[in-house]
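Residue numbers (our numbering): 1044 to 1183.
Even for Gly, the Cβ is constructed at its ideal location relative to N, Cα and C.
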Amino acid sequence: MVGGRDVVRVLNGSAFHDTQLVCSGDLAYLGGSWSKNVGSAGEIPLQGDFSAEHMIFGVEGADPDRRDKLIELLDIDLQWRMHKVSDGQRRRVQICLGLLYPCKVLLLDEVTVDLDVVTRMDLFDFFREECEQVIEAMDI
């Protein structure tokens, strides 16, 4: 990293040692590989014979309006069986789960890689709506 760790700051705090940001739930990470060999995401299994509905509605405390908006935005069929879906369909469910709770800082790591062009553009529009202002985007 050019300039060292002190150059990168998030919400005027250290990007690498701000336990308040991490522990408060204000920071979220969405990305990484969700290939078929992944067995679970936290408490939610990805490979068993589970429906998308079971996974999405199994997240407690999510705002129903936000959940419905994400399901529609990502064109998720709630009857999808997670052990039978394509990588793109699996990615849509992953994104939905990751966005159920709003956060102040969202780190995205190639989340659109398995999405079709239309869904990708819809997701970018959603992010534009969610952000009051974009300060800087960087590829991590």
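Minimum C-alpha distance to residue i - residue among the options
i	options	result
V1128	F1170, R1163 and S1094	S1094
P1107	D1165, P1145 and L1149	P1145
R1171	D1159, L1149 and E1115	L1149
G1075	V1102, V1136 and D1152	D1152
E1115	V1136, V1160, E1173 and H1097	V1136
E1173	A1105, W1123, E1096 and K1147	K1147
Whether residue i touches residue j by CB criterion (8 angstroms)
i	j	result
L1113	L1143	yes
L1070	V1154	no
D1133	M1125	According to the sequence displayed, residue 1133 carries Arg and not Asp. Yes.
L1158	G1141	no
C1139	L1117	yes
Whole-Å CB distance - residue i paired with residue j, under 8 angstroms assumed
i	j	result
R1110	I1119	Not a contact, Cβ separation roughly 10 angstroms.
Where residue i falls: helix, strand or coil (DSSP)
i	result
V1136	helix
V1160	helix
G1074	strand
D1130	helix
L1121	coil
F1167	helix
L1151	strand
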